[in-house]
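Asker:
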Amino acid sequence: MNLLSAFPGKRYVVLKIKDPKVRQQADCLGMGEGEDVYCIARKDNGPVILGRGGQMVAVGGEIARGIQIAPWRARKK
Amino acid sequence: MGKSVVFTNLTRRYAEVSNYPGTTVEISRGIWQGNPVADTPGIYGLTNANDEERLTEALLADAQVIVNVVDATRLRRDLFLTLQLSGRGVPMVVVVNMMDEVRRLGQRLDLAKLETLLGVPVVAATAVHGEGMDELAQVLGHLCHKKKNSARRLQDSASLRARANEIYEKIAAPGGAPGLSPLDKWLTRPLTGLLTAALVLAMIWWLIGGLVANQVVDFTEGIVLNRWLLPPIVGMLLRLLPEGLLQQILIGDFGVLTMALAYGIGLLLPLVFSFYLLLSLLEDSGYLPRLAVLLDNTFRPLGLNGKAVIPLILGFGCVTMAVISTRMLSTRRERIILAFLLGLAVPCSAQTGVIAMMLVPMGFRWLGLYAIILLSIFLVAGVILNKTVPGQSDGLFLELPRLRLPRPRNILRKSWAKSMAFLKDALPLFALGACLITLLNYGGGLIALERGLAPLTSSWLKLPPQVVGAFIMGMIRRDFGAAGLMALNLAAPQRFVALVTMTLFVPCIASVLVVIKEHGLLIGIAIWLSSLAVALLIGGLLAAAM
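Protein chains in written order, with the working numbering: chain Y, 1 to 77; chain X, 1001 to 1546.
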């Protein structure tokens, strides 16, 4: 599933970020591949607001479509 | 992060501070105990991804000591860059800033352990209150005598991030699930967010377009410059200089003193300073990134992302300032698209005032039609630019800072520093523009232009020949041109055609000069010519339809 399918309040693991520039930015911010993040708010076509700790990042629709995520619990199994 | 506050504390030189990523776009330099200090742009990593990171890389190559200022409430994020920096072999101190926030939030950070894990000194600080600055000075005193080690080979970004997370988990207690505060929810939900945005916009319009453009500018331009300062200077120069070109260049209708200085200091400085006061309030509160989130989808068909809303808002006050503030957009393509749109379809506050004075008495129908035509041209031009300007626009990927109350002292210092920087940049360009126009006028070029343009305005726009004078003035400043239309006795449809044409007409000299400075001569000419073509085309079509 991509980031646009995330539900606000749920926790997810970032599996894959398509755009290399965004992938690097996300790594710097601590929300890159392999990280678990909360979906704080989402509009249907973006932006999606992600949170981790005290941090929040807004991701526009086009970028969000290129970010693959999985529910956090599913990954723990 | 507070890096610019630390810089100011160390050097006593002001560096711009905002609650918004990318505040430091130029390097501030100062001296601490005889040692040169540079304030780099705020970055989260060294990935060579943008101008800020490249600029920081260049500075780091010569650095003897690194003062790495990190945000205590975002420590997990900032440990990534910290690890990158620690691998460079340059003596480094980590300043964990905003410790007051950590205490307020009831969080705990084991900074002694962090020092051990990183192998570099760590200083706890709250730089805005000066806390930790003495300790930093002591540590810096030791580090200045330390030699550089050889740089280590850096790990890839995923491994660095894993290591940063590992360190963070050892020094910090796990936090709960993050969430939006009620105010955040209010600002980012469509209905309440748009309502707030409309209120903020109305407040900016009222303060800049109403209060500053009328009351303050009337005082600075009308009284301070035109009554107190310029008359004695002009009188003296009239006595000293013989009639001729030099006199015209200095004190003629388009003179360096009578036009460039009057525009720069009398008209623009109060506008610029008040823009910066308001922008600083919005920046420091953390509101602007919320507005960018709210309007992101609206700007996508125009090849822009939500961040474009900020220069656009400023454009309704002053297009020149708005073009400068397009720097906050991340790609040159986006900056060019927005500069085109600002130059074409966004009237500045002074022009809006004149237009409102002329349209409102004609009735709501004309006012509504005017707004619809302008909005349609803005959107169509944006879509066309999106399809024609080469390159790719970036999507929105924006860290949202905490919402907080702005500090008045910082607002004033920042607005003043930016206004002075504006004057330093703009005044020489204004003087150059004034010289060029005077030369044209002196050679009879302006009158020839008026005659040459008369057939176009009369036959195509169906306006009386006298409007040529107003349009020539509009080439210098559109609000002057619009004011010139007020003196003409035009029928309602003619008045409407003239106002729409004048709104879309070429951007004022100051805007074009700033566009040339930011994007080069070619783009400046392209914006100027396309605005002229669109204005005449739409004006002619409207004249035919009326």
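All C-beta atoms, glycine included, are put in the ideal place defined by N, C-alpha and C.
1. Please determine if the segment 1261–1274 of chain X and the segment 1297–1315 of chain X are in contact, where contact requires at least 3 C-beta pairs separated by less than 8 angstroms.
2. Do we get a CB-CB distance below 9 angstroms when we pair residue 45(Y) with the residues of chain X?
3. So, does the CB of residue 1197(X) fall closer than 9 angstroms to a CB anywhere in chain Y?
4. Beta-carbon within less than 6 angstroms of residue 1114(X)'s beta-carbon, same chain only, minus the 5 sequence neighbours each way: which residues are those?
5. Under 9 angstroms Cβ-Cβ, which residues of chain X neighbour residue 55(Y)?
6. Compute the beta-carbon to beta-carbon distance between residue 1514(X) and residue 1320(X), rounded to the nearest angstrom, for a pair I have assumed lies under 8 angstroms.
7. For residue 1069(X), which residues from the same chain have a beta carbon less than 7 angstroms from its beta carbon, with the 5 sequence-adjacent residues on both sides left out?
8. Of the residues 1339(X), 1464(X), 1117(X) and 1332(X), which one's Cα is nearest the Cα of residue 1318(X)?
9. If you measure from the beta carbon of residue 1022(X) to each beta carbon in chain Y, is any gap under 9 angstroms?
10. Does residue 52(Y) get closer than 9 angstroms to chain X when you measure Cβ to Cβ?
11. Tell me, please, which residues DSSP counts as bridged to residue 1133(X).
12. Run down chain Y in chain order and give the residues with a C-beta less than 8 angstroms from the C-beta of residue 1044(X).
13. Skipping 5 residues on each side, what residues in its chain have a beta carbon closer than 6 angstroms to that of residue 1546(X)?
14. Going by the DSSP bridge assignment, what does residue 1397(X) pair with across the sheet?
15. Starting from residue 1285(X), find everything on chain Y with Cβ-Cβ shorter than 9 angstroms and list it in chain order.
16. Would you list the residues sitting across from residue 51(Y) in a DSSP beta bridge?
17. Note down the Cα distance separating residue 1191(X) from residue 12(Y), rounded to an integer number of angstroms.
18. Mind listing which residues of the segment 1292–1308 of chain X have their C-beta closer than 8 angstroms to chain Y's C-betas, in chain order?
19. If contact is defined by three or more beta carbon pairs under 8 angstroms, each pair taking one atom from either stretch, is the segment 1270–1277 of chain X in contact with the segment 1410–1420 of chain X?
20. What separation, rounded to the nearest whole angstrom, lies between the Cα atoms of residue 1451(X) and residue 1187(X)?
21. Are the segment 1353–1364 of chain X and the segment 1327–1334 of chain X in contact at 8 angstroms, needing three or more beta carbon pairs?
22. Could you run through the segment 59–76 of chain Y and flag, in chain order, every residue whose CB is less than 7 angstroms away from some CB of chain X?
23. Since residue 1337(X) is in the beta strand (DSSP E), which residue starts that stretch and which ends it?
24. Helix, strand or coil for residue 1075(X), going by three-state DSSP, please let me know.
25. Give me the chain Y residues within the contact set of residue 1325(X), using Cβ-Cβ distance strictly less than 8 angstroms, ordered along the chain.
26. Chain X beta carbons: is any one of them nearer than 9 angstroms to that of residue 22(Y)?
27. At a Cβ cut of 9 angstroms, what residues of the segment 1383–1395 of chain X count as close to chain Y, listed as they run along the chain?
28. From residue 1022(X) to residue 1289(X), what does the alpha carbon distance come to, in whole angstroms?
29. Taking the alpha-carbon of residue 1279(X) as reference, which of 1406(X), 1431(X), 1529(X) and 1052(X) has the nearest alpha-carbon?
30. Kindly confirm or deny that the segment 49–60 of chain Y and the segment 1384–1400 of chain X touch, where touching means at least three C-beta pairs closer than 8 angstroms.
31. Which residues in the same chain have their Cβ closer than 8 angstroms to the Cβ of residue 1296(X), if we skip the five residues on either side of it in sequence?
32. How would you list, in chain order, the residues of chain X whose beta-carbon sits under 8 angstroms from the beta-carbon of residue 49(Y)?
33. What number of angstroms, rounded off, separates the C-alpha of residue 1078(X) from the C-alpha of residue 17(Y)?
34. Measuring CA to CA, which of 1276(X), 1511(X) and 1311(X) is closest to residue 1291(X)?
35. Between 1206(X), 1298(X) and 1073(X), which lies nearest to residue 1104(X) when the distance is taken from Cα to Cα?
36. Using three-state DSSP, classify residue 1417(X) as helix, strand or coil.
Answerer: By the coordinates alone:
1. Below 8 angstroms, too few C-beta pairs join the segment 1261–1274 of chain X and the segment 1297–1315 of chain X to call them touching: fewer than three.
2. Output row for residue 45(Y): interface = yes.
3. At a cut-off of 9 angstroms, the C-beta of residue 1197(X) has no neighbouring C-beta in chain Y.
4. Apart from sequence neighbours up to five positions away, the residues of its chain that approach residue 1114(X) with a beta-carbon distance below 6 angstroms are 1122 and 1171, ordered along the chain.
5. At a C-beta separation below 9 angstroms, residue 55(Y) has these neighbours in chain X: 1073, 1074, 1076, 1077, 1178, 1399 and 1400.
6. Contact holds; Cβ gap of about 5 angstroms.
7. In its chain, beyond the 5 residues on either side, 1001, 1002, 1003, 1006, 1095 and 1097 have a beta carbon closer than 7 angstroms to the beta carbon of residue 1069(X).
8. Closest option to residue 1318(X), judged by alpha-carbon separation, among 1339(X), 1464(X), 1117(X) and 1332(X): 1339(X).
9. For residue 1022(X), the predicted structure reports a pLDDT of 46, less than 50, and the residue's modelled location is therefore unreliable. The matter cannot be settled from this model.
10. At least one C-beta of chain X is nearer than 9 angstroms to the C-beta of residue 52(Y).
11. Answer is none; residue 1133(X) lacks a bridge partner.
12. Within chain Y, the residues near residue 1044(X) are 25, 28 and 29.
13. For residue 1546(X), where only same-chain residues beyond five positions count, the Cβ hits under 6 angstroms are 1493.
14. For residue 1397(X), which the question treats as bridged, DSSP gives the partners 59(Y).
15. Within 9 angstroms Cβ-Cβ: nothing; residue 1285(X) doesn't reach chain Y, min ~15 angstroms.
16. Residue 51(Y) has 38(Y) and 56(Y) as its beta-bridge partners, per DSSP.
17. Each residue's alpha carbon lies about 28 angstroms from the other.
18. Residues 1292, 1293, 1296, 1297, 1300, 1305 and 1306.
19. Yes, they touch.
20. Taking the Cα positions, residue 1451(X) is about 54 angstroms away from residue 1187(X).
21. Result no; under three Cβ-Cβ pairs closer than 8 angstroms.
22. With the criterion set as a beta carbon lying under 7 angstroms from some beta carbon of chain X, the members of the segment 59–76 of chain Y are 59, 60, 61, 62 and 63, in sequence order.
23. Taken as a continuous stretch (DSSP letters only), residue 1337(X) belongs to no beta strand (DSSP E), being part of the alpha helix (DSSP H) at 1332–1345.
24. Assignment of residue 1075(X) by DSSP, reduced to helix, strand and coil, places it in the helix class.
25. In chain Y, no part has a C-beta under 8 angstroms from the C-beta of residue 1325(X); the shortest such distance is about 20 angstroms.
26. Taking Cβ atoms only, chain X reaches closer than 9 angstroms to residue 22(Y), which makes this a yes.
27. Per Cβ criterion, the list reads 1394 and 1395.
28. Note that residue 1022(X) scores a pLDDT of 46, beneath 50, so its modelled location is shaky; the value from the coordinates is reported in the next line. Their Cα atoms are separated by approximately 12 angstroms.
29. Ranking 1406(X), 1431(X), 1529(X) and 1052(X) by Cα distance to residue 1279(X) puts 1406(X) first.
30. By the criterion of at least three beta-carbon pairs nearer than 8 angstroms, the segment 49–60 of chain Y is in contact with the segment 1384–1400 of chain X.
31. The residues are 1305, 1306 and 1396.
32. Per Cβ cutoff of 8 angstroms: 1180, 1188, 1293 and 1400.
33. Taking the straight line from one Cα to the other gives about 21 angstroms.
34. The residue with the shortest Cα to Cα distance from residue 1291(X) is 1311(X).
35. Minimum Cα distance to residue 1104(X) is reached at 1073(X).
36. Helix, per DSSP.
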